[in-house]
Amino acid sequence: MPFAGFNMPINYKTGIINEHKNVRNHSGIFDVSHMGQILIENNESYLHKLEKYIPLQLKKLIKNRSNYSFLLNKDGGVIDDLIISNIDIKDKSYLYIVYNASRKKEDEEIFISCAPNAEKIYEKNCLFAIQGPDSINVLKNIIDIPNNMNFFDILISKYDNNEIIVSRSGYTGEDGFELSIPNESAENLINLLLKNENTMLCGLGSRDSLRLEAGLSLYGHELNEKITPIEAGLSWALDKERLEDENLNGNKVLSDQLKNKLSNKKIGLISTSKSMLRDGMTLFDNNNNEIGKITSGCFSPNLNKSIAIGYIISEFNTDNPIFCEIRKKLELVKINNLPFVKKNYKKNGSIYE
Amino acid sequence: MGAYMSEKKYTKDHEWVSIENEIATIGISNHAQESLGDIVFIELPSVGNSVKAKDEICVVESVKAASDIYAPIDGEIIEVNNNLENDAAIINQDAENEGWIFKMKISDSNQYSELMSEDEYKQFLEQ
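Next comes the structure, spelled out in structure tokens:
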């Protein structure tokens with residue numbers, strides 16, 4: 209199916225549910241080469257310009273660590289969500305940024321305006337994710353992974369005499385790795401990984417159900433230019449000191465939002481029937497007043513029920529029943545704390561030196 | 019009409035129909051099941067309803083999407099496959115036998131003759 213200009217498989221031959229369970233129980237491999245990957249020289253003037261959009265203190269990022277962050281517009285709305293890492297390649301220090309395929313145009317306009325010599329390495333590097341509790345065992349036979357590598361650690365390793373970028377990360381709620389590897393070595397590496405009989409190729413379908421169970425936001429669903437990270441329940445990813453900095457887009461909006469009550473809140477929902485909750489469905493209270501909308505919905509293989517993420521008005525008391533309109537009928541849904549399935553990361557560290 | 023099992027026919031909406039003693043059995047084709055992917059839920063039609071060809075009468079939900087099932091011909095719904103309520107994945111395993119969805123008493127057998135034969139359906143899929 210077409211996805212952000214790429215032809216991507218929803219699933220491979222065994223189906224979404226099987227791929228999903230294989231990642232939760234063993235491991236699965238995702239080709240995410242459609243995503244943007246860019247290298248920006250770690251130079252003070254570039255970082256200062258980028259700090260207008262990115263709510264982190266970029267100069268203080270710890271070497272060999274990744275961070276979840278955003279590009280923000282003037283109103284504090286999310287232009288994109290991304291992973292930004294501080295790494296050295298061939299003795300030169302870079303910010304390595306991975307961003308959404310659907311936002312390449314908007315993001316790259318910003319990156320290039322801040323750092324004209326930024327290098328779009330997705331033109332020569334594939335990006336693969338191996339996810340699931342067995343990922344470490346499948347990978348360590350092929351690539352050196354230090355024992356003390358934690359979730360969101362990132363390093364340069366070697367494969368096929370080429371330098372590759374290895375990060376312990378992913379978007380499934382499981383332990384796992386992402387590998388940025390030159391195109392010419394990619395197929396060889398994938399075939400080697402697939403020799404392990406408990407791993408398999410996985411498509412966009414299971415990637416979506418895994419991230420939804422893990423309560424993770426997806427751009428174009430929970431996130432867009434009209435929603436701030438705070439409204440999306442992601443204020444943990446903002447550097448609070450940066451909110452006082454006039455150089456940061458939307459800093460006033462964001463610091464006000466932190467102090468005051470928001471108009472909407474993000475919630476997790478679980479179906480009480482077998483009907484599927486889907487993106488765009490409307491939520492009602494028991495007096496038939498519209499109180500919100502679903503932004504992502506799917507079948508959860510782990511819970512054997514449909515689950516969803518959505519936004520409702522903050523004043524709604526969540527002790528009261530919520531109904532979802534499914535094919536013109538109102539069906540009762542239950543609030544469920546996010547994540548739906550506990551995250552299984554190898555422990556986290558702090559973000560600054 | 020005597021007691022005989024007719025040839026299986028197909029609609030452009032990827033349903034199959036077979037007729038025995040003026041009773042039509044309807045399900046979705048194996049091709050439809052493959053493109054829908056894992057089926058997790060089916061909203062079965064109501065027994066006793068009279069329907070016209072092309073009416074939306076029930077919904078199949080897969081992990082990917084909800085798909086309407088249409089009545090292939092005019093008639094009355096007389097039976098539904100209750101096994102699917104607990105295990106809609108039967109359709110993935112055996113779409114054109116155990117995965118049947120509902121039965122109809124048909125009112126116009128000409129409508130049935132106009133549907134595609136298996137070969138015609140195969141050609142239709144290749145287009």
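Chains as they are written, first to last, in my numbering: chain X, 209 to 561; chain A, 19 to 145. Think of the CB as a built atom: it goes at the ideal place given N, C-alpha and C, for glycine as much as any other residue.
(message) Check whether the stretch 56-63 of chain A and the stretch 483-492 of chain X touch, using three or more Cβ-Cβ pairs below 8 Å as the test.
(response) yes
(message) Does K121 of chain A pass the burial test, meaning 16 or more other C-beta atoms within 10 Å, or should it be called exposed?
(response) buried
(request) Could you tell me whether the Cβ atoms of I44 of chain A and E33 of chain A are closer together than 8 Å? (result) yes
(request) State yes or no: is the beta carbon of F524 of chain X nearer than 8 Å to at least one beta carbon in chain A? (result) no
(message) Can you look up G413 of chain X in the DSSP assignment and give me helix, strand or coil?
(response) helix
(request) Spatial neighbours of Q141 of chain A within its chain, please: CB distance less than 7 Å, with the 5 preceding and 5 following residues excluded, ordered by chain position. (result) none
(message) Which residue marks the beginning of the beta strand (DSSP E) containing G294 of chain X, and which one marks its end?
(response) Checking the displayed sequence, the identity of residue 294 of chain X turns out to be Asn instead of Gly. Its beta strand (DSSP E) spans residues V286 to I297.
(request) Just mark Q339 of chain X as buried or exposed, buried being the case when its beta carbon has 16 or more other beta carbons within 10 Å. (result) buried
(message) With a threshold of 8 Å between beta-carbons, can N219 of chain X be considered close to chain A, or not?
(response) yes
(message) So if DSSP puts Q245 of chain X in a beta bridge, which residue, or which two residues, is it bridged to?
(response) X:V306
(request) Leaving out five residues on either side along the sequence, give the residues of the same chain with a beta carbon under 6 Å from the beta carbon of I96 of chain A. (result) Result list for I96 of chain A: K121 and K123, in chain order.
(request) May I have the straight-line CA-CA distance separating F336 of chain X from I248 of chain X, to the nearest angstrom? (result) 21 Å
(request) At 9 Å on the CB atoms, spell out the chain A contacts of I297 of chain X, in chain order. (result) What I297 of chain X touches in chain A: nothing, since even the nearest Cβ is about 40 Å away.
(message) So, under 8 Å CB-CB, I372 of chain X and I295 of chain X are touching, yes? Tell me the CB distance rounded to an integer number of Å.
(response) Going by Cβ atoms, the distance from I372 of chain X to I295 of chain X rounds to 12 Å, so no, they are not a contact pair.
(request) Compute the Euclidean distance between the alpha carbons of I37 of chain A and K221 of chain X, then round it to the nearest angstrom. (result) Cα to Cα, the separation comes out at about 33 Å.
(request) Output yes if chain A places a C-beta closer than 8 Å to the C-beta of K482 of chain X; else output no. (result) A Cβ of chain A is located within less than 8 Å of the beta carbon of K482 of chain X.
(request) With 7 Å as the C-beta to C-beta threshold (strictly closer), list the residues of the stretch 310-321 of chain X near chain A in chain order. (result) For the stretch 310-321 of chain X, there are no residues whose beta carbon sits under 7 Å from a beta carbon of chain A.
(message) Counting only Cβ-Cβ distances shorter than 9 Å, please list the residues of the stretch 50-61 of chain A near chain X, keeping chain order.
(response) G55, D56, V58, F59, I60 and E61
(request) Rounded to whole angstroms, what's the CA-CA distance from D283 of chain X to I520 of chain X? Just pull it up for me. (result) Their backbone Cα atoms lie some 21 Å apart in a straight line.
(message) Within 10 Å of its beta-carbon, does S127 of chain A have 16 or more other beta-carbons around it, so buried, or fewer, so exposed?
(response) Its Cβ having fewer than 16 others within 10 Å, S127 of chain A is exposed.
(request) Give a yes or no on contact between the stretch 311-319 of chain X and the stretch 217-236 of chain X, applying the rule of three or more CB pairs nearer than 8 Å. (result) no
(message) With the cut-off set at 8 Å, would you say Q265 of chain X and R419 of chain X are in Cβ contact?
(response) no
(request) Determine the direct distance from the alpha carbon of C532 of chain X to that of E539 of chain X, and round the result to whole angstroms. (result) 5 Å
(request) Could you list which residues in chain A have their beta carbon closer than 8 Å to that of I517 of chain X, in chain order? (result) In chain order: nothing, as chain A lies at least about 16 Å away.
(message) Let me see if you follow: with CB-CB separation under 8 Å, is I344 of chain X close to chain A or not?
(response) no
(request) Return no unless some Cβ of chain A is closer than 8 Å to the Cβ of I246 of chain X. (result) no
(message) So, under 8 Å CB-CB, L477 of chain X and G518 of chain X are touching, yes? Tell me the CB distance rounded to an integer number of Å.
(response) 6 Å
(request) Answer with buried or exposed for L387 of chain X, where buried requires no fewer than 16 other C-beta atoms within 10 angstroms of its C-beta. (result) buried
(message) Give me, in chain order, the residues of the same chain whose beta-carbon lies closer than 7 Å to that of S253 of chain X; leave out the 5 immediate sequence neighbours on both sides.
(response) The answer is none, since no qualifying residue turns up.
(request) Under 7 Å Cβ to Cβ from P263 of chain X, same chain only, skipping five residues before and after it: list those, please. (result) S277, F278, L280, L446, D447, R450 and L456
(request) Within the same chain, show all residues whose beta-carbon is closer than 8 Å to that of L470 of chain X, passing over the 5 residues directly before and after it, in chain order. (result) Around L470 of chain X: I438, E439 and S522.
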